[in-house]
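Residue numbers (the working numbering), protein chains in the order written: chain A, 1 to 112; chain B, 113 to 227.
Rendered as structure tokens:
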């Protein structure tokens with residue numbers, strides 16, 4: 001158990017809809033990262049938050065947004081969903097600068 | 113810019129034989145290097161990391177990795193593979209000089225260990 005909790009585990013929705021994915025980091029970790037894993041694009045970094053502030057941005061679409069709350073949990077919001085957004089979305093957290101990122105088990109998003 | 117290449121999509125070995133999963137990296141400065149393993153329907157599990165020091169790094173489940181700066185490689189090794197080592201393996205890199213903690217991952221290598 002990595003200590004990172006992601007909910008929900010599975011999400012099935014339709015094109016054009018909006019969903020929110022939730023992540024609770026390991027106790028004490030200030031950094032939260034979001035990744036998208038798909039068969040065609042592999043594991044892609046989306047965005048990082050550190051202690052409530054955006055720290056780095058990767059290949060994140062404008063339809064996607066995220067935030068980290070004062071209790072350090074994070075949410076990833078995906079809107080105007082398209083079929084191509086179907087993927088596994090992972091959250092990871094880390095504490096120390098040189099430490100590893102610890103991953104949750106992901107949310108599998110299926111767009112019908 | 114930082115990137116990782118895993119040149120083999122698949123590695124197949126017999127149980128008890130040595131296992132090697134290859135990784136080369138590219139960073140502007142000095143690297144932090146990581147190996148992760150992913151089992152079906154699970155998140156990535158941390159195996160080991162290289163920051164500084166000894167070029168041979170030991171990690172979880174009997175895995176080790178060798179850092180080679182001149183060849184910009186960080187190959188994962190296990191002296192005697194088990195069937196339970198069958199999984200998807202990812203190498204990742206981060207530039208020590210970057211001001212964020214973003215990791216760049218390779219495409220992954222599927223390891224199959226046959227009994």
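In this text, a Cβ means the ideal position worked out from N, Cα and C, and glycines have one as well. Bear in mind the structure is a predicted one, so any value in this text is a computation, not a measurement.
Item, Value
"Range covered by the beta strand (DSSP E) that runs through residue 35 of chain A", "31-38"
"Option in B/212, B/214, B/211 and B/196 with minimal Cα separation from residue 222 of chain B", "B/196"
"Beta-carbon separation (whole angstroms), residue 109 of chain A vs residue 11 of chain A, contact threshold 8 Å", "5 Å"
"Residue-level contact to chain A via CB, residue 161 of chain B, 7 Å cutoff", "yes"
"Minimum Cβ-Cβ distance from residue 45 of chain A to chain B less than 7 Å", "yes"
"Residue 22 of chain A at chain B interface by Cβ criterion, 7 Å", "no"
"Chain B contact for residue 55 of chain A (CB, 7 Å cutoff)", "yes"
"Cβ pair residue 104 of chain A, residue 4 of chain A closer than 7 Å", "yes"
"Pairwise C-alpha distance: residue 92 of chain A and residue 133 of chain B", "24 Å"
"Within-7 Å CB hit, residue 70 of chain A to chain B", "no"
"Backbone CA spacing between residue 138 of chain B and residue 158 of chain B [nearest angstrom]", "21 Å"
"Residue-level contact to chain A via CB, residue 121 of chain B, 7 Å cutoff", "no"
"Backbone CA spacing between residue 188 of chain B and residue 173 of chain B [nearest angstrom]", "12 Å"
"Status (buried if at least 16 other CB within 10 Å, exposed otherwise) for residue 161 of chain B", "buried"
"Residue closest to residue 149 of chain B, alpha-carbon to alpha-carbon, out of B/216, B/213, B/203 and B/225", "B/203"
"Meets three-Cβ-pair contact criterion under 8 Å: the stretch 44-60 of chain A and the stretch 9-26 of chain A", "no"
"Cβ pair residue 227 of chain B, residue 127 of chain B closer than 7 Å", "yes"
"Beta-carbon proximity list for residue 8 of chain A, same chain, < 7 Å, skipping 5 on both sides", "107"
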